[in-house]
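Q:
Residue numbers (the numbering used here): 861 to 1564.
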């Protein structure tokens, strides 16, 4: 390569016997560097004349698209009684899995095959990408992926190191291993978010939403790896609300930063933050109750299926029920007493509400193969891949329900492309939604074949055989045979030829229909006016997943998602120096990841409105916790400081940034604890003012 486009991009491969020797070798690599101007800030990257990462391009803007009806939206704004505007930056973050990326490659000269062991969320896709990169047929590549300590979406990508170790293993005729160190991970793991949004909402005099307009600009980094967050964000920006007209522009810009990629509800937390902040601003500026304003504009359950103003068709949902339940569960009605008690302790306390809508798509093809073993086991080959989500438990529960087996009878086999050659992996809430569907159809095939075998064994007509609780029974008699006995009989030499062989079922389906999980979250925070420190003291959420197969596992997924969302709202940020392009948050000293002791005990509840677009009623369940958290936390924080005149605070809402907001607030009334003096000025940061419901960062450089 002749050009490094972001700090951390690999420019040389050093192979040694030990990690220490490899580091020594890397230090001996001599590179003739010519410093180039950099651009890391989203708005600056989009500007004419900005330094270009790709000289053959005329600008850094690589996508410029539009959705909705501009004329209808403009007409609605022209007749609106109220208009609120927000300009904000949803900052860049990264996934920070417990286990950094790693790969081991082996090349077999006799067969001419590459084997790659790599932590990933989708081994089949990695196999295809690796074969294409090496220029070999897919049959010459095997990828094996096991469970890893966290995926979050960013591990699903095909990284350059995967191809490099495979190439090196063939070149050296030896296995080659690479493990990413934590600082490397911060620099080179694909990042997420980094969206500048300039949006406005029009309302009539009664608070009915009339139209939505906006421009979302996504900083995709040095390489255009994925536009999914931008596209999904535009599609669901209207959220769960009835908004008759919308005009939305989506732009993607290249910059001298690590590429961005789908991460924990790709694209949706950003836009849910935008719409929920707009609604709170509308309520505060024009005298509406925050809860009632939302309820008044929710899409009613009776309007389903509902097509939103940019053309996306929602299949089903009762949005009012989840909001009402979340508000009740959080004791919204009793909040003012808690606020007053906090003020007596010298704290500002606030409460915030955020609704959300998910858009789950993902790779549409999934395959399941179930084999009933005579010794009393079900072997299940599936193309999904768990990263701590408990697939082996949840899928076993379904098979126990359908086939009557014990949970311990089920062995889930995933992650090896020589065995599970088809499947989309785990992302976009697809594992249960699509995996369960193909498992159900494969189970039906086993039951159908088993009935015919049982009829042969029991000397009955297949139509007279029923199946329940692992047994095939001749109707109206006590004659029956066990599932595993039928599996053993199927392998006997005297079994009917058409039925002879392993008792197995296979389903290979392509399902392109999306699903739409939804829900509501309520957050309460307390702010220390002396330090600006924000404490999340209560957090309540109600999430609809269609059907909860394992509520306990789902609760764990929701808790993790909430932690990620709260982390982004208050602490996390990938920070680049705008002058040099150097990343300044590449260690845990500088990048704050929430710990358990920084969070309260969450109150979560599951709603189950069956999805009408999935035969099993399932929606995705692994991403909802994150999606409303940004809006819920910041809405609560602004509510806490509203009496001072604070209208908006950018994320992350660090203590310094919050302290500045308090200090610079137009209605500042400092409330010290026990007579303490106000803190002096100092430090660097940005105020959190809002003018005409707009927030502009330094020099309008949103994304700094």
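C-beta: ideal position from N, C-alpha, C; glycine also.
This one's a predicted model, so the numbers in the text were calculated from it and none came from an experiment.
1. Check whether the stretch 1232-1250 touches the stretch 1287-1297, counting contact only when three or more Cβ pairs, one atom from each stretch, lie closer than 8 Å.
2. Quick check on this structure: which residue in 937, 1259, 1363 has the alpha carbon closest to the alpha carbon of residue 1233?
3. Any contact of the stretch 912-927 with the stretch 1212-1232, i.e. 3+ C-beta pairs under 8 Å?
4. Here's a check: name, in chain order, each residue in its chain whose Cβ is nearer than 7 Å to the Cβ of residue 956, leaving out the five neighbours to either side.
5. Tell me, please, whether the stretch 1197-1207 touches the stretch 1350-1358 by the rule of three or more beta-carbon pairs shorter than 8 Å.
6. So for residue 1157, helix, strand or coil by DSSP?
7. Going by C-alpha distance, which of 1165, 1483, 1468, 1394 is nearest residue 1499?
8. What are the uninterrupted segments assigned as beta strand (DSSP E) that are 3 or more residues long and contained completely in the stretch 1336-1369, given in chain order?
9. Thinking just about the alpha-carbon of each residue, which of 1207, 1276, 898, 1015 is nearest to the one in residue 1391?
10. Can you tell me where the beta strand (DSSP E) with residue 1332 in it begins and where it stops?
11. For residue 1469 and residue 1156, what's the separation of their Cα atoms in angstroms?
12. Going by alpha carbons, who is nearest to residue 1118 out of 1380, 1477, 865, 1225?
13. Can you look up residue 1219 in the DSSP assignment and give me helix, strand or coil?
14. If you draw a straight line from the C-alpha of residue 1347 to the C-alpha of residue 1323, how long is it?
15. Go ahead and pull the three-state DSSP assignment for residue 1044.
16. For the 8 Å Cβ check, are there 3 or more pairs between the stretch 1050-1058 and the stretch 1143-1151?
17. Using a Cβ-Cβ cut-off of 7 Å (strictly less than) and excluding sequence neighbours within five positions of residue 1247, which residues of its own chain qualify?
18. Identify every run of the beta strand (DSSP E) within the stretch 1229-1315, keeping only runs that are complete inside it and at least 3 residues long; order them along the chain.
19. In this structure, what does DSSP give as the bridge partners for residue 924?
20. Taking all protein chains shown into account, do 16 or more other C-beta atoms lie within 10 angstroms of the C-beta of residue 894, making it buried, or fewer, making it exposed?
21. Using 10 angstroms around the beta-carbon of residue 1021, count the other beta-carbons present and answer buried if the total reaches 16, otherwise exposed.
22. Which stretch, first to last residue, makes up the alpha helix (DSSP H) that contains residue 868?
23. Can you name the residues that DSSP bridges to residue 1211?
24. Residues in the same chain with beta-carbon distance under 8 Å from residue 910, minus the five sequence neighbours each way, listed in chain order, please.
25. Whose CA, out of 1111, 1305, 1107, 1219, lies closest to the CA of residue 935?
26. Quick check: the Cα distance between residue 1518 and residue 1509, rounded to an integer number of angstroms?
27. Flag residue 1349 as yes if its beta-carbon sits less than 8 Å from any beta-carbon of chain C, otherwise no.
28. Can you give me the Cβ contacts of residue 1370 inside the same chain, cut-off strictly under 6 Å, excluding the 5 residues immediately before and after it?
29. Rounded to the nearest angstrom, what separates residue 1345 and residue 1314 at their Cα positions?
30. Assuming residue 951 is part of the alpha helix (DSSP H), what are its boundary residues?
31. Can you tell me whether residue 1526 is buried or exposed, with buried defined as 16 or more other CB within 10 angstroms of its CB?
32. Taking residue 1406 as the reference, which of 994, 1482, 1494 has the closest Cα?
33. For the stretch 1139-1194, list the beta strand (DSSP E) runs that are entirely contained and at least 3 residues long, ordered along the chain.
34. Rounded to the nearest angstrom, what separates residue 1084 and residue 1121 at their Cα positions?
35. Pull up the DSSP beta-bridge partners for residue 900, would you.
36. Taking residue 916 as the reference, give the member of 1477, 1114, 882, 1090 with the closest Cα.
A: So, from the listed chains and residues:
1. Contact annotation: the stretch 1232-1250 touches the stretch 1287-1297, with at least three C-beta pairs closer than 8 Å.
2. 1363
3. no
4. 1453
5. Fewer than three Cβ pairs drawn from the stretch 1197-1207 and the stretch 1350-1358 lie within less than 8 Å of each other, which leaves the two stretches out of contact.
6. helix
7. 1394
8. The stretch 1336-1369 contains these whole beta strand (DSSP E) runs: 1340-1342.
9. 1207
10. 1331-1334
11. 21 Å
12. 865
13. DSSP places residue 1219 in coil when its eight states are reduced to three.
14. 19 Å
15. Here residue 1044 sits in helix by DSSP.
16. The stretch 1050-1058 is not in contact with the stretch 1143-1151.
17. 981, 1007, 1008, 1010, 1011, 1286
18. Correct list: 1237-1242, 1270-1273.
19. 1111
20. exposed
21. Taking a 10 Å sphere around the C-beta of residue 1021, we find 16 or more other C-beta atoms and assign the residue as buried.
22. Per DSSP, residue 868 belongs to no alpha helix (DSSP H) and is neither H nor E.
23. 1384
24. Once the five neighbours on either side are set aside, the close Cβ partners of residue 910 are 899, 904, 919, 920.
25. Comparing Cα positions, the closest option is 1107.
26. 7 Å
27. Protein chain content of the structure displayed is limited to a single chain, and chain C is not contained in it.
28. Closer than 6 Å at Cβ, skipping near neighbours: 1224, 1225.
29. 9 Å
30. No alpha helix (DSSP H) contains residue 951, which is instead part of the beta strand (DSSP E) from 942-954.
31. exposed
32. Among 994, 1482, 1494, the Cα nearest to that of residue 1406 is on 1482.
33. none
34. 9 Å
35. The secondary-structure analysis by DSSP pairs residue 900 with nothing; it has no beta-bridge partner.
36. 1114
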